[in-house]
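**Student:** The following block contains the structure, expressed as structure tokens.
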Amino acid sequence: MQFLNGITILLVYQLVGEVIVRLFDLPIPGPVMGMLLLFLSLLLRGKVDPSMDTAARGLLSHLSLLFIPAGVGMMVYFSRILDEWLPIALALVLSTAITMAATAGAMVATQRLLARKEGNDG
Amino acid sequence: MAETDLTRIWVYLSASPLLGLTLTLVAYLLAHRLYLRCNSNPLLNPVITAILALILFLKLTGTSYQTYFDGAQFVHFLLGPATVALAIPLYQQFSRLRAVLVPVIVALLIGVIVGAASSIIIAWAFGASPETQLSLAPKSVTAPVAMGISDEIGGIPSLTAVLVVVTGIIGALIGTRLFASLRIRDDSVRGIAMGVAAHGIGTARAFQISPMMGAFSGLAMALSAFATSVFLPWLVDWLRAVSPGWL
Numbered sequence: 065m066q067f068l069n070g071i072t073i074l075l076v077y078q079l080v081g082e083v084i085v086r087l088f089d090l091p092i093p094g095p096v097m098g099m100l101l102l103f104l105s106l107l108l109r110g111k112v113d114p115s116m117d118t119a120a121r122g123l124l125s126h127l128s129l130l131f132i133p134a135g136v137g138m139m140v141y142f143s144r145i146l147d148e149w150l151p152i153a154l155a156l157v158l159s160t161a162i163t164m165a166a167t168a169g170a171m172v173a174t175q176r177l178l179a180r181k182e183g184n185d186g
Numbered sequence: 158m159a160e161t162d163l164t165r166i167w168v169y170l171s172a173s174p175l176l177g178l179t180l181t182l183v184a185y186l187l188a189h190r191l192y193l194r195c196n197s198n199p200l201l202n203p204v205i206t207a208i209l210a211l212i213l214f215l216k217l218t219g220t221s222y223q224t225y226f227d228g229a230q231f232v233h234f235l236l237g238p239a240t241v242a243l244a245i246p247l248y249q250q251f252s253r254l255r256a257v258l259v260p261v262i263v264a265l266l267i268g269v270i271v272g273a274a275s276s277i278i279i280a281w282a283f284g285a286s287p288e289t290q291l292s293l294a295p296k297s298v299t300a301p302v303a304m305g306i307s308d309e310i311g312g313i314p315s316l317t318a319v320l321v322v323v324t325g326i327i328g329a330l331i332g333t334r335l336f337a338s339l340r341i342r343d344d345s346v347r348g349i350a351m352g353v354a355a356h357g358i359g360t361a362r363a364f365q366i367s368p369m370m371g372a373f374s375g376l377a378m379a380l381s382a383f384a385t386s387v388f389l390p391w392l393v394d395w396l397r398a399v400s401p402g403w404l
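What follows is the structure, given as structure tokens:
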């Protein structure tokens with residue numbers, strides 16, 4: 065029953081998210097809008113229902129299972145991947161390393177900047 | 158005699174959604190068991206193993222992807238509610254976030270833009286087609302959201318799903334070494350960088366290093382999913398405007 069309650073709430077948020085995205089022609093996927101709405105209502109309510117926690121845990125603990133059907137769709141694009149394997153591989157490896165370094169660097173730099181400012185103020 | 162019976166059963170099963178659904182679950186459970194048995198070696202990520210095993214099976218039996226997907230769509234559908242559910246860990250980590258809110262927002266924006274732009278530019282520089290470049294752009298975002306974005310900007314969602322999984326594995330493999338060589342020791346910084354670059358698979362790796370790194374990585378994964386879906390369509394429009402005919 066708990067799981068059923070929880071999954072129903074998640075589906076309702078997704079549905080509302082889809083409707084809003086289409087109604088206002090927003091460039092974000094419906095489920096992401098649903099996530100934002102749920103996050104805001106959790107902030108307002110100040111707690112997570114146990115039923116929702118159960119459903120979320122159930123879904124998120126096997127998140128990787130959910131990618132499989134789409135991933136198998138790769139079989140349709142085999143020739144594209146074979147043709148373009150070099151740019152794809154380079155983009156994945158280099159861009160992942162660059163993204164990690166840039167994110168960490170930006171966070172450290174901002175923290176230092178704020179600390180220095182605080183030091184000057186104090 | 159026995160052979161024709163088997164053929165009849167196969168003809169029946171291959172037209173029913175039961176087969177695609179069951180195959181997906183069995184492949185995942187077996188792949189997961191193999192992964193655990195090999196000490197969680199990131200190269201044996203259960204998603205990759207299961208996808209390759211299923212493709213091999215479908216090719217060998219001459220089953221089309223469409224037939225398989227008729228059954229597998231029930232699993233695929235859960236990506237939507239799973240995305241909504243990401244709001245819950247985000248909310249539960251929110252108090253930790255407040256203390257470092259400004260640095261996290263700056264890191265997130267830079268990470269999201271650098272991640273998408275660098276993958277498009279590198280793929281373009283080495284001659285990838287526009288659809289491939291666009292499919293690569295959301296590679297650092299958790300798969301359900303990345304597929305939605307890919308569809309939105311003109312990429313190929315199922316190609317994106319595979320690229321996302323491979324990106325997560327690369328991130329989990331190179332992360333700790335990269336942070337060590339950059340002398341980044343703060344677990345909140347390492348977690349944020351891991352979550353922005355390598356989503357859920359990176360987050361799973363971060364939890365192996367420390368609970369704090371895992372929590373920040375999970376947080377960064379949820380926030381960057383949101384930030385990317387807002388900024389990436391704009392970034393792509395802008396790239397199209399500055400260099401007409403490229404994308």
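Chains X and C are the protein sequences, given in the same order.
Under the working numbering, the residues of the first sequence are numbered 65 to 186, in order.
Under the working numbering, the residues of the second sequence are numbered 158 to 404, in order.
In this text, a Cβ means the ideal position worked out from N, Cα and C, and glycines have one as well.
None of these values were measured; they are calculated from a predicted model.
1) Note down, in chain order, all residues in the segment 146-158 of chain X with a beta-carbon under 8 Å from any beta-carbon belonging to chain C.
2) Of all the residues that make up the segment 297-319 of chain C, which are near chain X by a beta-carbon distance shorter than 7 Å?
3) Assuming C:Val259 contacts C:Phe388 under a Cβ cut-off of 8 Å, what Cβ separation, rounded to an integer in Å, is found between them?
4) Determine the contact status of C:Thr317 and X:Ile152, defining contact as a CB-CB distance below 8 Å.
5) On the three-state DSSP scale, how would you describe X:Val157?
6) Does any residue of chain C have a CB that is nearer than 8 Å to the CB of X:Gln66?
7) Could you say which of C:Ile366, C:Pro368, C:Leu339 and C:Gly325 lies nearest to C:Ile353 if we only look at CA atoms?
8) Is any beta-carbon of chain C found at less than 8 Å from that of X:Pro114?
9) So, at 7 Å on beta carbons, what are the nonlocal neighbours of C:Ala207 in its own chain, with the 5 sequence-adjacent residues on each side left out?
10) Please tell me whether C:Phe364 has its Cβ less than 8 Å away from any Cβ of chain X.
11) Starting from the Cα of X:Met138, find the closest Cα among C:Val257, C:Gln249, C:Ala210 and C:Pro390 and give me that residue.
12) Is DSSP giving C:Val257 helix, strand or coil here?
13) Hey, out of X:Phe88, X:Pro95 and X:Gly70, whose CA is closest to X:Gly81's CA?
14) Under a Cβ-count criterion, where at least 16 other Cβ atoms within 10 Å of its own Cβ denotes burial, should C:Lys296 be classed as buried or exposed?
15) Measure from the C-beta of X:Asp117 to each C-beta in chain C and report whether the shortest distance is under 8 Å.
16) Output needed in chain order: residues of the segment 276-290 of chain C with a Cβ under 7 Å from some Cβ in chain D.
17) Starting from C:Glu309, follow the alpha helix (DSSP H) in both directions and report where the run begins and ends.
18) For C:Asp344, tell me which candidate among C:Ala379, C:Leu330 and C:Ala363 has the shortest Cα-Cα distance.
19) Buried or exposed: which applies to C:Pro203, given that a residue is buried once 16 or more other Cβ atoms fall within 10 Å of its Cβ?
20) Under three-state DSSP, which class holds X:Asp147?
21) Any beta carbon from chain X within less than 8 Å of C:Leu175's own beta carbon?
22) May I have a chain-ordered list of the alpha helix (DSSP H) segments no shorter than 4 residues that lie completely inside the segment 87-148 of chain X?
23) I'd like to check one pair, X:Pro93 with C:Ser386: are the Cβ atoms closer than 8 Å?
24) Is the shortest distance between the beta-carbon of X:Leu87 and the beta-carbons of chain C less than 8 Å?
25) Quick check: C:Pro301 and C:Ala361, are their CB atoms within less than 8 Å of each other?
26) Please report the distance separating the alpha-carbon of C:Arg334 from that of C:Thr218.
27) Scan the segment 243-259 of chain C for residues whose Cβ lies nearer than 9 Å to a Cβ of chain X and list them as they occur along the chain.
28) Can you pull the chain C neighbours of X:Ile71, defined as C-beta to C-beta under 8 Å?
29) The alpha helix (DSSP H) spanning C:Trp391 covers which residue range?
30) Quick one: is X:Val172 near chain C, going by C-beta distance under 8 Å?
31) On the CB-based measure, 16 or more other CB atoms within 10 Å of its CB, does C:Ala329 come out buried or exposed?
32) Smallest Cα separation from C:Pro174: which of C:Val323, C:Leu339, C:Leu243 and C:Ser221?
33) Count the other CB atoms, across all protein chains shown, that sit within 10 Å of the CB of C:Ser307; report buried if there are 16 or more and exposed otherwise.
34) Could you tell me the alpha carbon to alpha carbon distance between X:Lys111 and C:Ile279, rounded to whole angstroms?
35) Who are the near neighbours of C:Ser252 in its chain, counting only those whose CB is closer than 7 Å to its CB and skipping five residues on each side?
36) Could you have a look at C:Trp281 and say whether DSSP puts it in helix, strand or coil?
**Tutor:** Answer, in terms of the structure:
1) Glu148, Leu150, Pro151, Ile152, Leu154, Ala155, Leu156, Val157 and Leu158
2) Ser297, Ala300, Pro301, Val302, Met304, Gly305, Ile306, Glu309, Ile313, Pro314, Ser315, Leu316, Ala318 and Val319
3) Mapped onto the second sequence, residue 259 of chain C falls at position 102. Mapped onto the second sequence, residue 388 of chain C falls at position 231. Contact doesn't hold; Cβ gap of about 18 Å is too wide.
4) Working through the second sequence from its first residue, we reach residue 317 of chain C at position 160. Working through the first sequence from its first residue, we reach residue 152 of chain X at position 88. Taking 8 Å as the Cβ cut-off, C:Thr317 and X:Ile152 do not qualify as a contacting pair.
5) Looking up residue 157 of chain X in the first sequence gives position 93. Helix at X:Val157.
6) The sequence position of residue 66 of chain X within the first sequence is 2, counting from 1. Judged by the 8 Å Cβ criterion, X:Gln66 is not in contact with chain C.
7) Indexing the second sequence from 1 puts residue 353 of chain C at position 196. Just to set this straight, residue 353 of chain C is Val in the shown sequence, not Ile. Taking only the C-alpha atoms, the option nearest C:Val353 is C:Gly325.
8) The residue you call residue 114 of chain X lines up with position 50 of the first sequence. Not an interface residue.
9) Within the second sequence, the letter at position 50 stands for residue 207 of chain C. Closer than 7 Å at the Cβ level, and outside the excluded window around C:Ala207, lie Ala184, Tyr185 and Ala188.
10) As a first step, residue 364 of chain C is located in the second sequence; it is residue number 207 there, counting from the start. No, its Cβ sits nowhere closer than 8 Å to a Cβ of chain X.
11) Your numbering for residue 138 of chain X matches position 74 in the first sequence. The candidate whose alpha carbon is nearest that of X:Met138 is C:Ala210.
12) Translated into positions along the second sequence, residue 257 of chain C becomes position 100. Here C:Val257 sits in coil by DSSP.
13) On the first sequence, position 17 is the one that residue 81 of chain X refers to. Residue X:Pro95 is the option with its Cα nearest to X:Gly81.
14) Here residue 296 of chain C refers to the residue found at position 139 when the second sequence is read from its first residue. C:Lys296 comes out buried.
15) By one-based count along the first sequence, residue 117 of chain X stands at place 53. Answer yes: the Cβ-Cβ gap between X:Asp117 and chain C drops below 8 Å somewhere.
16) The chain labelled as chain D is not found among the protein chains of the depicted structure, namely X and C.
17) To locate residue 309 of chain C, count along the second sequence from 1; it is residue 152. Here the alpha helix (DSSP H) through C:Glu309 covers Ala300 to Ile310.
18) As a working note, residue 344 of chain C is residue 187 in the second sequence. Ranking C:Ala379, C:Leu330 and C:Ala363 by Cα distance to C:Asp344 puts C:Ala363 first.
19) By one-based count along the second sequence, residue 203 of chain C stands at place 46. By the neighbour-count rule (16 or more Cβ atoms within 10 Å), C:Pro203 is buried.
20) On the first sequence, residue 147 of chain X is found 83 positions in, with the first residue counted as 1. Here X:Asp147 sits in helix by DSSP.
21) As a working note, residue 175 of chain C is residue 18 in the second sequence. No, no contact with chain X.
22) 94-109, 114-125, 127-130, 132-136 and 142-147
23) Position 229 of the second sequence, counted from the start, is the residue given in the question as residue 386 of chain C. Position 29 of the first sequence, counted from the start, is the residue given in the question as residue 93 of chain X. Yes, they are a contact pair.
24) The count along the first sequence starts at 1 and reaches residue 87 of chain X at position 23. Not closer than 8 Å to any Cβ of chain C, the Cβ of X:Leu87 fails to qualify, so no.
25) Stepping through the second sequence from its first residue, residue 301 of chain C is reached at position 144. Stepping through the second sequence from its first residue, residue 361 of chain C is reached at position 204. No, these two residues do not count as a Cβ contact at 8 Å.
26) Your numbering for residue 334 of chain C matches position 177 in the second sequence. Your numbering for residue 218 of chain C matches position 61 in the second sequence. So the two alpha carbons sit approximately 42 Å from each other.
27) Leu243, Ala244, Ile245, Pro246, Leu247, Tyr248, Gln249, Phe251, Val257 and Val259
28) Position 7 of the first sequence holds residue 71 of chain X. Under the 8 Å cutoff, chain C gives Pro238.
29) Translated into the one-based positions of the second sequence, residue 391 of chain C becomes position 234. Pro368 to Val399 is the span of the alpha helix (DSSP H), which, as asked, contains C:Trp391.
30) The residue you call residue 172 of chain X lines up with position 108 of the first sequence. Judged by the 8 Å Cβ criterion, X:Val172 is in contact with chain C.
31) Within the second sequence, numbered from 1, the residue matching residue 329 of chain C stands at position 172. Classification for C:Ala329: buried.
32) Position 17 of the second sequence, counted from the start, is the residue given in the question as residue 174 of chain C. Checked all of C:Val323, C:Leu339, C:Leu243 and C:Ser221; the closest Cα to C:Pro174 is C:Ser221.
33) In the second sequence, the residue the question calls residue 307 of chain C occupies position 150. Classification of C:Ser307: buried, given that the 10 Å Cβ count is 16 or more.
34) Taking the first residue of the first sequence as 1, we reach residue 111 of chain X at position 47. Taking the first residue of the second sequence as 1, we reach residue 279 of chain C at position 122. Approximately 44 Å between the Cα atoms of the pair.
35) For the purposes of this step, residue 252 of chain C is taken as the residue at position 95 of the second sequence. For C:Ser252, where only same-chain residues beyond five positions count, there are no Cβ hits under 7 Å.
36) Translated into positions along the second sequence, residue 281 of chain C becomes position 124. Helix.
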